[in-house]
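Working notes, structure below.
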Amino acid sequence: LLCLKQGSLPHLPIFAYSPTMAMIDAKDVLSIGHHPLDTLFKPRAVAVVGATERYGSVGRTLLKNLISSPFGGAVYPVNTSKSQVLGISTFKSIAACPSKVDVVIVILPAKSVPGLVQECVDCGVQHAIIISAGFREVGPEGEALEEQVKAIAAKGGLRIVGPNCLGLMSPISGFNATFANLMPKPGSVAFVSQSGAMITSVLDWSVGQKVGFSAVISVGAMMDVDFSDFIEYLANDDNTKSIVLYMETIGNARQFLSAAREASLSKPIVVIKGGKTDAAAQAAASHTGSLTGSDAVLDAAFKRAGVLRVEDIADVFEMADILSKQPLAKGRRMAILTNAGGPGVLACDALSKNGGVLAELEPETIEKLNKVLPAAWSHGNPIDILGDATATTYEKSLEIIAKDKNCDGYLVVLTPQAMTAPTDCATALKKYATSTGKPVLSSWMGGPDVEAGAQALREAGIPCYKYPDMACR
């Protein structure tokens with residue numbers, strides 16, 4: 043507007059604007075910049091060095107993601123040979139950009155990075171995200187190059203994410219500084235990963251599972267900013283309710299454990315750690331250029347810091363699903379509601395194996411169940427409501443046990459029998475997705491006959507598994 047009043051039209055930045063930004067509370071405005079990493083997630087101006095129009099390139103994909111994202115900041119493509127990229131005027135350098143740049147995204151050959159980092163320092167840039175690979179993971183020459191970059195950045199107060207990373211995104215604000223092919227829906231889970239491929243896989247899965255994220259962060263080789271920095275930031279982020287980590291190397295162990303111990307007091311932290319075996323450790327070193335450390339020592343340290351360690355990739359997906367949709371259980375006591383005895387028994391085994399316990403139903407709960415269930419029901423937990431259970435039977439039973447003070451969470455199991463209406467049963471339970479104040483999980487066992495019901499539960503916010511023992515893990 044100022045330019046228009048003055049009658050001049052210089053290079054105008056591209057702004058990615060969200061209407062919701064107009065409703066920011068005054069206290070939020072005052073808090074901007076309070077944390078050192080705030081500007082990284084809420085930049086006013088971003089420069090993409092290495093932006094290009096070449097199809098299939100990282101530079102094109104990342105720039106397109108940025109200008110398609112409603113984060114409210116300016117985007118400046120930096121390209122020395124093109125006057126425009128994707129229809130946007132380019133700039134020859136960071137210094138030539140029309141306003142102060144908060145974040146620079148680097149997509150250049152590794153040998154060109156030191157000079158660019160020096161320019162960032164000279165221009166007062168606060169953060170750089172180095173997408174480029176070719177540093178310590180390639181050997182002594184790359185390691186020397188990395189040390190040079192670190193020294194320049196440290197002297198100028200520049201914080202670096204990466205190198206060899208996917209970038210980061212904040213689905214809530216719309217900021218997408220990655221070359222991933224999609225942005226997940228906003229949610230409450232933060233996913234921080236050393237592997238960009240793990241991120242893109244989780245994002246693709248999240249679409250069908252209706253899982254949302256508060257932040258998705260690729261730390262890469264952690265030249266500077268590492269897990270501890272992001273955990274500290276996310277611990278103070280009101281939009282983040284839980285943190286999921288994929289790591290190959292812990293970075294600064296003392297700082298990580300300190301940050302994790304503090305954060306886990308208010309938010310669950312789940313980690314899957316690769317590099318347990320010698321072969322995997324060697325693979326991790328070639329990937330990020332870092333040693334993985336003693337697994338036994340790390341395992342003990344995680345427990346002391348209150349970090350929950352999972353073993354399988356599937357667990358990462360499932361934990362993200364649960365944490366994004368359901369409240370945390372306040373204890374280990376679970377009630378299992380099922381229309382078949384066998385799955386209930388297997389669920390009990392899995393529950394015990396993984397540290398949970400069967401809830402002992404209150405006498406009042408049993409009395410109420412006696413009034414709505416057939417005389418042959420199990421009269422205990424697991425609550426076997428028999429094979430001819432209807433949607434009404436499921437609904438009334440869950441309504442009763444949801445008030446039992448001895449229960450910390452619930453698993454509802456359905457097997458497809460001739461009398462069963464899987465979709466109707468799922469629809470009847472949808473209202474309990476959030477109303478109990480306790481986690482509600484489900485398992486609709488089978489194939490095509492139960493799929494519509496399973497999908498209805500997922501869309502309502504109740505995680506649904508193929509088998510009950512998977513839910514009890």
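Numbering follows the numbering used here, with no gaps: position 410 of the sequence shown is 452. Backbone N, C-alpha and C fix where the C-beta goes; we use that ideal spot for every residue, glycine too.
- Between Ala-401 and Met-376, the CB-CB gap stays under 8 Å.
- Residue environment for Asp-271: buried (at least 16 other C-beta atoms within 10 angstroms of its C-beta).
- DSSP, read as helix, strand or coil, puts Tyr-474 in helix.
- In the DSSP assignment, Thr-220 is bridged to Gly-209.
- Your pair Ala-152 and Ser-212 does not check out as a contact, with CB atoms roughly 27 Å apart and the cut at 8 Å.
- For Ile-355, the secondary structure class from DSSP, reduced to helix, strand or coil, is helix.
- Counted as a single uninterrupted DSSP element, the stretch harbouring Phe-83 is not any beta strand (DSSP E) but the alpha helix (DSSP H) occupying residues 80-83.
- Only residues of its own chain outside the window of five on either side were considered, and among them Ser-484, Trp-486, Ala-496, Leu-499 and Arg-500 have a CB closer than 6 Å to the CB of Cys-506, listed in chain order.
- With three or more CB-CB distances shorter than 8 Å, the region 190-210 counts as touching the region 162-180.
- Contact fails between the region 353-361 and the region 458-468, because fewer than three Cβ pairs, one in each stretch, are under 8 Å apart.
- If you draw a straight line from the Cα of Arg-303 to the Cα of Gly-101, it is about 38 Å long.
- Take Ser-420, set aside five residues on each side of it, and the residues of its chain with a beta-carbon closer than 6 Å to its own are Asp-426, in chain order.
- Secondary structure of Gly-384 (DSSP, three-state): helix.
- If you draw a straight line from the Cα of Ile-364 to the Cα of Ala-89, it comes to about 36 Å.
- Beta-carbon to beta-carbon, Thr-220 and Asn-107 are separated by about 6 Å, close enough to satisfy the 8 Å threshold.
- Rounded to whole angstroms, the separation of the alpha carbons of Tyr-275 and Val-234 is 12 Å.
- With a cutoff of 8 Å on beta-carbon distance, Phe-344 and Gly-216 are scored as not near each other.
- Relative to Ser-248, the option among Pro-385, Ser-230, Arg-86 and Val-414 whose CA is nearest is Ser-230.
- Judged by their CB atoms, Gln-236 and Tyr-288 are nearer to each other than the 8 Å cut-off.
- Assignment of beta-bridge partners to Lys-227 by DSSP yields Gly-254.
- A distance below 6 Å between beta-carbons, with the five flanking residues on each side excluded, links Leu-79 to the following residues of its chain, in chain order: Tyr-275.
- Per DSSP, the beta bridge partners of Trp-486 are Leu-456.
- The region 235-298 contains, as complete alpha helix (DSSP H) runs of 4+ residues, the segments 238-251 and 269-277 (chain order).
- Short of 7 Å from the beta carbon of Glu-406, and not among the five residues preceding or following it, lies no beta carbon of its own chain.
- Under the 8 Å Cβ criterion, the region 155-166 does not count as touching the region 121-132, having fewer than three qualifying pairs.
- A direct Cα-Cα distance of roughly 27 Å separates Ser-99 from Lys-142.
- For Ile-443, the enclosing alpha helix (DSSP H) has its first and last residue at 433-443.
- By a beta-carbon distance limit of 8 Å, Tyr-436 contacts Leu-471. Their separation comes to about 6 Å.
- Straight-line spacing of the CA atoms in Ile-355 and Gly-386 works out to 25 Å.
- Within the model, the alpha-carbon separation for Met-512 versus Val-455 is close to 12 Å.
- Under the DSSP assignment, Arg-201 falls in the beta strand (DSSP E) whose first and last residues are 201-203.
- Annotation for Ile-259: Leu-210, Val-234 and Phe-272 place their beta carbon closer than 6 Å to its own, counting only its chain and skipping 5 residues before and after.
- Here Gly-373 is not near Asp-446, since their CB atoms are 8 Å or more apart.
- With a beta-carbon spacing of about 7 Å, Arg-178 and Ala-263 fall inside the 8 Å limit used to define contacts.
- Secondary structure note for Ile-109: its alpha helix (DSSP H) is the uninterrupted segment 100-109.
- In the three-state scheme derived from DSSP, where H, G and I count as helix and E and B as strand, Arg-303 is classed as helix.
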